[in-house]
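Peer 1:
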Amino acid sequence: MTVVIGFEGSANKIGVGIVRDGEVLSNPRRTYITPPGQGFLPSETAKHHRSVILTVVREALDEAELSPADIDCVAYTKGPGMGAPLVTVALVARTLAQLWGKPLLGVNHCIGHIEMGRLITQANNPTVLYVSGGNTQVVAFSERRYRIFGETIDIAVGNCLDRFARVIKISNDPSPGYNIEQMAKKGTEYVELPYTVKGMDVSFSGVLSYIEEAAHKMLSSGQCTAEDLCFSLQETLFSMLVEITERAMAHCGSQEVLIVGGVGCNLRLQEMMGIMCKERGAKLFATDERFCIDNGAMIAQAGWEMFRSGYVTELPDSWITQR
Amino acid sequence: MSLKSISANMLKKKKKMAEDVSGNNHAQQMLGFNLDVPFPSEREASIALNSLSPDREPRKGGITKELVAVGNVLSVRWTADEARVLRVSVGSFLDHLALVLETMEAFGPPIS
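These protein sequence lines map, in sequence, to chains A and B.
Mapping of the first sequence onto numbering that gives the first Met the number 0: residues 0 to 322, in sequence order.
Mapping of the second sequence onto numbering that gives the first Met the number 0: residues 0 to 111, in sequence order.
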């Protein structure tokens with residue numbers, strides 16, 4: 000029996016989760032939400048995490064009905080992510096690992112998402128679309144490693160959505176992407192936007208620039224509503240994601256798709272991916288917001304896999320990395 | 000007084016303070032800051048050291064920071080070219096140190 004506690008805080012969510020042999024015992028989380036029109040900056044985010052992390056640790060232990068003595072190892076996000084928040088979380092993980100006399104495991108954030116997706120959905124060997132505010136990658140496991148088959152060449156799709164939300168001052172509570180999704184449901188006019196798939200890869204900064212300008216022009220002249228823009232943006236961005244996922248599936252001969260990451264919560268994206276999968280006779284796997292959105296349990300799960308394979312992270316090597 | 004002369008004065012004052020503290024900065028023209036943090040035990044000072052030393056300074060050049068645990072005291076020595084850079088590094092470190100101390104207080108003492 001192996002019990003792992005996992006710490007995640009690479010962006011504006013701070014989560015601590017406890018996993019015992021594939022069972023999630025607790026997974027509390029807090030989100031740093033900024034006012035409409037504002038994004039989250041590293042130093043303020045780190046400050047938020049610092050102020051709540053110990054409370055969340057206590058919650059995780061209480062919910063799981065465990066004491067520190069029951070924990071076998073301490074996993075934390077080594078990277079990638081924002082520097083200051085990553086350091087905050089790593090400090091607590093390192094200190095607890097030493098106080099409790101347990102080994103430390105530095106986990107890759109992206110692999111955390113994938114491993115949790117695999118655990119929850121039981122997908123066998125899927126082509127993974129990892130989409131969030133910080134990442135957009137198409138990943139598959141090949142020759143003993145996760146490999147990137149396609150990715151964004153500039154910003155993540157979630158970043159594009161979040162920054163558009165700022166322009167039209169959509170609330171960041173619970174997340175800008177969620178609110179865009181709700182507004183998109185009420186959109187009726189399709190506004191044509193640049194479609195920028197680049198082979199196996201995809202680009203979003205051009206679409207963002209275009210829609211930021213279009214928003215100013217078209218909303219003030221009344222040509223369309225904010226809901227129409229939300230709808231059009233989702234349709235365009237998600238079509239691009241479906242295309243590069245399909246291309247990777249064709250290369251790998253894969254019959255399964257797994258969507259992970261915060262943007263994976265989006266039901267329209269799941270619907271569009273589902274249509275493509277159906278056409279190919281493939282199966283689609285997705286998780287709900289508990290595990291799509293950054294959380295501690297996913298880090299614990301990836302840590303559990305690492306620990307079982309004999310990996311640990313020595314303290315001098317436990318530095319965090321933004322990339 | 001102009002803004003430029005005010006900040007030039009502050010820089011001179013900080014330099015003087017730093018020189019008073021560590022004495023031998025005249026030749027290098029660098030600023031310095033020293034911090035000694037006592038812990039309840041040698042073990043806890045060592046834990047703090049291991050938690051606070053792995054991460055690299057975000058800024059590539061213009062600042063050095065050395066951490067060492069001597070007995071139950073954690074000693075930190077900074078040198079920097081600019082006051083602003085020194086201030087940011089020391090400020091961040093103190094926030095990180097506070098977090099480590101809070102963690103130890105909430106979940107310590109270390110198991111034997």
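Where is the CB? At the ideal position from N, CA and C, for every residue including glycine.
Being a predicted model, the structure only gives us computed values, none of them experimental.
Do I147(A) and V138(A) come within 7 Å of each other at the CB atom, strictly closer than that value?
Peer 2: Taking the first sequence and counting its residues from 1, one reaches residue 138(A) at position 139. Taking the first sequence and counting its residues from 1, one reaches residue 147(A) at position 148. Yes, Cβ-Cβ distance for V138(A) and I147(A) is below 7 Å.
Peer 1: How would you list, in chain order, the residues of chain E whose beta-carbon sits under 7 Å from the beta-carbon of I62(B)?
Peer 2: The chain inventory of the structure shown lacks chain E, comprising the protein chains A and B.
Peer 1: Hey, how far is the Cα of V206(A) from the Cα of L257(A)?
Peer 2: By 1-based counting over the first sequence, the position of residue 206(A) is 207. By 1-based counting over the first sequence, the position of residue 257(A) is 258. So the alpha carbons of these two residues sit roughly 25 Å apart.
Peer 1: Any contact between the stretch 181-198 of chain A and the stretch 213-230 of chain A? By contact I mean 3 or more CB pairs, one from each, below 8 Å.
Peer 2: Result yes; three or more Cβ-Cβ pairs closer than 8 Å.
Peer 1: So, is the C-beta of L314(A) closer than 7 Å to a C-beta in chain B?
Peer 2: Mapped onto the first sequence, residue 314(A) falls at position 315. At least one chain B Cβ lies under 7 Å of L314(A).
Peer 1: Only counting runs of 4 or more residues, tell me where the alpha helix (DSSP H) segments fall wholly within the stretch 96-173 of chain A, in order along the chain.
Peer 2: 108-120, 156-166
Peer 1: Check each candidate in E22(A), G78(A), Y194(A), L192(A) and name the one with the smallest Cα separation from F6(A).
Peer 2: The sequence position of residue 6(A) within the first sequence is 7, counting from 1. Nearest of E22(A), G78(A), Y194(A), L192(A) to F6(A), Cα basis: G78(A).
Peer 1: Check whether the Cβ atoms of Q300(A) and R267(A) lie closer than 7 Å to each other.
Peer 2: On the first sequence, residue 300(A) is found 301 positions in, with the first residue counted as 1. On the first sequence, residue 267(A) is found 268 positions in, with the first residue counted as 1. Contact flag unset, no.
Peer 1: Tell me the start and end of each unbroken beta strand (DSSP E) in the stretch 184-256 of chain A that is at least 3 residues and wholly inside, in chain order.
Peer 2: none
Peer 1: Taking Cβ positions only, does G70(B) come closer than 7 Å to chain A?
Peer 2: Sequence index remark: in the second sequence, residue 70(B) carries index 71 (1-based). It does not; no Cβ of chain A falls within 7 Å.
Peer 1: Any chance the stretch 105-119 of chain A sits against the stretch 30-49 of chain B, with 3 or more Cβ pairs inside 8 Å?
Peer 2: no
Peer 1: By the DSSP assignment, the beta strand (DSSP E) with P35(B) in it spans what residues?
Peer 2: Stepping through the second sequence from its first residue, residue 35(B) is reached at position 36. According to the sequence shown, residue 35(B) is Asp rather than Pro. Taken as a continuous stretch (DSSP letters only), the beta strand (DSSP E) holding D35(B) covers 30-37.
Peer 1: Terminal residues of the continuous beta strand (DSSP E) containing V73(A)?
Peer 2: Position 74 of the first sequence, counted from the start, is the residue given in the question as residue 73(A). Start and end: 72-78.
Peer 1: If you draw a straight line from the alpha carbon of S202(A) to that of V196(A), how long is it in whole angstroms?
Peer 2: Within the first sequence, residue 202(A) is the residue found at index 203, counting from 1. Within the first sequence, residue 196(A) is the residue found at index 197, counting from 1. Distance between the alpha carbons of S202(A) and V196(A): 6 Å.
Peer 1: Under 8 Å Cβ to Cβ from Y310(A), same chain only, skipping five residues before and after it: list those, please.
Peer 2: Reading the first sequence from its first residue, position 311 is the one you call residue 310(A). For Y310(A), where only same-chain residues beyond five positions count, the Cβ hits under 8 Å are L104.
Peer 1: Under a CB-based cut-off of 7 Å, is V99(B) close to chain A?
Peer 2: Counting from 1 along the second sequence, the entry for residue 99(B) is found at position 100. So, interface residue.
Peer 1: Have a look at D287(A) and C264(A) and give me their C-alpha separation to the nearest angstrom.
Peer 2: Residue numbering aside, residue 287(A) sits at position 288 when the first sequence is read from its first letter. Residue numbering aside, residue 264(A) sits at position 265 when the first sequence is read from its first letter. Looking at the two C-alpha atoms, the distance is approximately 6 Å.
Peer 1: Any chance the stretch 155-169 of chain A sits against the stretch 248-255 of chain A, with 3 or more Cβ pairs inside 8 Å?
Peer 2: no
Peer 1: Do the CB positions of N294(A) and N11(A) come within less than 7 Å of each other?
Peer 2: As a working note, residue 294(A) is residue 295 in the first sequence. As a working note, residue 11(A) is residue 12 in the first sequence. Not closer than 7 Å, so no.
Peer 1: Rounded to the nearest angstrom, how far is the Cβ of C109(A) from that of F306(A), given a contact under 8 Å?
Peer 2: Residue 109(A) sits at position 110 when you count from the first residue of the first sequence. Residue 306(A) sits at position 307 when you count from the first residue of the first sequence. In fact, because the Cβ distance is near 18 Å, the residues do not count as touching under 8 Å.
Peer 1: Quick one: which chain B residues come within Cβ less than 7 Å of V91(A)?
Peer 2: Counting from 1 along the first sequence, the entry for residue 91(A) is found at position 92. What V91(A) touches in chain B: L98, T102.
Peer 1: Checking 7 Å against the spacing of the C-beta atoms, do T54(A) and L128(A) come in under that value?
Peer 2: Within the first sequence, the letter at position 55 stands for residue 54(A). Within the first sequence, the letter at position 129 stands for residue 128(A). Cβ atoms of T54(A) and L128(A): not closer than 7 Å.
Peer 1: Which value, in whole angstroms, describes the spacing of the CA atoms of S21(B) and T63(B)?
Peer 2: Residue mapping note: residue 21(B) aligns to position 22 of the second sequence, counting from 1. Residue mapping note: residue 63(B) aligns to position 64 of the second sequence, counting from 1. A caution first: S21(B) carries a pLDDT of 47, below 50, which makes its placement in the model unreliable, though a value can still be read off. Roughly 15 Å between the two C-alpha positions.
Peer 1: Cutting at 6 Å between CB atoms, please list the residues of its own chain near V2(A), excluding the five before and the five after it.
Peer 2: Residue numbering aside, residue 2(A) sits at position 3 when the first sequence is read from its first letter. Within the same chain, V2(A) has close Cβ partners R19, D69, I70, D71.
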